[in-house]
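Protein chains in written order, with this note's numbering: chain A, 1 to 102; chain B, 1 to 325.
Take a look at the structure:
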């Protein structure tokens, strides 16, 4: 638990490992933006705290789920969307791929 | 001990009678601080200082998929070993788990990687699977458990090579290489492991395995994903975690090296839903091709996988421009 904000830190997910030399704050900002775009393509909203540990995923009817780490984030998104969030689905790729948007 | 201070765990699998115990006996020679976990005492006939038996007892956790299965027996035995070590009753610097011939190695990896206590004290070093040179081909075709063990292995050891002709040995090695191109293949005779890996396509092995080719069995295919340039780690991590959440049971194995910006090299290793923490390798550890990830999948279209990977890379890079500019 974080002694400043009392957030539960949860178990470390493999995607949280520090990789490369990009600044942590930049990685978190890029990750937040990327996840928000993917969730938006599924009709969901995504936001997270400044540490990037705790995320809120919500649908447009006001249902909200709290998730810690990417594993929980996808599972929460699937429960809210009532379907599998599949990165191989062409319709999803068409909505998030910057190349398609041009 | 590993660089992380955790005790390395070597998982030794292979079908019944494929030479696991001979290999294990040889491994234990001069290694008294290696603890061994076997399925049952009597069947192994090992006389080793730290030997524990655990009957396979599984508990489904989470969504109940096959790989996310907790081996409760293993948790208990590994915790006891840790306790013994901490109380000074045993010196342990490595653990070998010899699985039953029919065991699925994925739950072992899941258990060690996800148990809140064990994950801080142990780490899976590698999965070794023995394959009988004489009976291996038939066992692969007849027993799904054997094929699964081969698919998830880091190292495949062909045993009893003296019992078959060179051609049969070569055909088996080529079949194993096609099934799991990420694994190193070695030969062992009477438990003695050859230092040099088997070179598929040369010498003893007659049928060449074309590097980069896509190997197929009835429903399992192998895709080697290569990136033309440096990979965006964030784009890869978000993509792979989403893929494994959605399709974990269809992605049997992920293994490879990624070259990131500025020459950083990262090793990625996963068995179904379970991905090890990525490891940094020295810069310049890979030369050509820059990045190569092997996916062993069941029923996933290779082109769609590649297209999805590339779309997520573009998405991550579009965010990079905004975040830095």
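Glycine is no exception: its CB is placed at the ideal position from the N, C-alpha and C atoms. The model shown is predicted, which means the values in this text are computed figures rather than measured ones.
Residue-level contact check: residue 312 of chain B touches chain A, since one or more beta carbons of chain A fall below 8 Å from its beta carbon.
Checking the DSSP bridge columns, you'll see residue 278 of chain B has no partner listed. The residue from B:310, B:9, B:116 with its alpha-carbon nearest to that of residue 230 of chain B is B:310. Judged by DSSP in its simplified three-state form, residue 318 of chain B adopts helix.
Judged by DSSP secondary structure, residue 72 of chain A falls within the alpha helix (DSSP H) whose first and last residues are 69-81. Boundaries of the alpha helix (DSSP H) around residue 27 of chain A: 24-41. Shown here, residue 250 of chain B sits in coil according to DSSP, grouped into three states, outside any helix or strand. Listed by position along chain A, the residues whose Cβ is nearer than 9 Å to that of residue 261 of chain B are 20, 21, 22. Among the residues facing chain A, residue 243 of chain B is included, as its CB has a counterpart in that chain under 8 Å away. The beta carbon of residue 46 of chain A sits closer than 6 Å to those of 35, 36, 39, 57, all from its chain and outside the five residues before and after it, given in chain order. Rounded to whole angstroms, the Cβ separation of residue 234 of chain B and residue 31 of chain A is 6 Å, and the two are in contact under 8 Å. Counting along the chain, residue 112 of chain B sits inside the alpha helix (DSSP H) bounded by residues 106-114. Within the model, the alpha-carbon separation for residue 265 of chain B versus residue 281 of chain B is close to 5 Å. Annotation: residue 77 of chain B to residue 245 of chain B spans about 30 Å, alpha carbon to alpha carbon.
In summary, the residues of the segment 298-310 of chain B whose CB is separated from some CB of chain A by less than 9 Å are 300, 301, 304, 305, 307, 308, 309, 310, in the order they occur in the chain. Around the beta-carbon of residue 141 of chain B, fewer than 16 other beta-carbon atoms lie within 10 Å, marking it exposed. In this structure, the CA atom of residue 196 of chain B is about 33 Å from the CA atom of residue 306 of chain B. Here the C-alpha atom of residue 119 of chain B lies approximately 30 Å from the C-alpha atom of residue 225 of chain B. Put simply, of A:51, A:33, A:25, A:98 the residue whose alpha carbon is nearest the alpha carbon of residue 238 of chain B is A:33.
In this structure the segment 78-86 of chain A does not lie against the segment 107-126 of chain B, because fewer than three pairs of beta carbons, one per stretch, are closer than 8 Å. Of the candidates B:110, B:11, B:295, B:139, the residue whose Cα lies closest to the Cα of residue 276 of chain B is B:110. Among the residues of chain B, those whose CB is under 9 Å from the CB of residue 85 of chain A are 242, 245, 246, following chain order. Of the candidates A:54, A:66, A:44, A:73, the residue whose Cα lies closest to the Cα of residue 92 of chain A is A:44. Taking C-beta atoms as the reference points, residue 181 of chain B and residue 222 of chain B count as a pair closer than 8 Å.
One finds 241, 244, 245, 273 in chain B with Cβ atoms closer than 9 Å to the Cβ of residue 71 of chain A, taken in chain order.
For residue 261 of chain B, the secondary structure class from DSSP, reduced to helix, strand or coil, is helix. Residue B:296 holds the alpha-carbon nearest to the alpha-carbon of residue 153 of chain B among B:315, B:296, B:304. For residue 27 of chain A, a Cβ of chain B is located within less than 8 Å of the residue's own Cβ.
Between residue 257 of chain B and residue 291 of chain B, the CB-CB gap stays under 8 Å. Residue contact with chain B for residue 96 of chain A: present (Cβ-Cβ distance below 8 Å to some residue of chain B). Legend: CB atoms of the segment 224-241 of chain B lying less than 7 Å from CB atoms of chain A belong to residues 233, 234, 237, 238, 239, 241. Among the CB atoms of chain A, none fall inside 8 Å of the CB of residue 100 of chain B.
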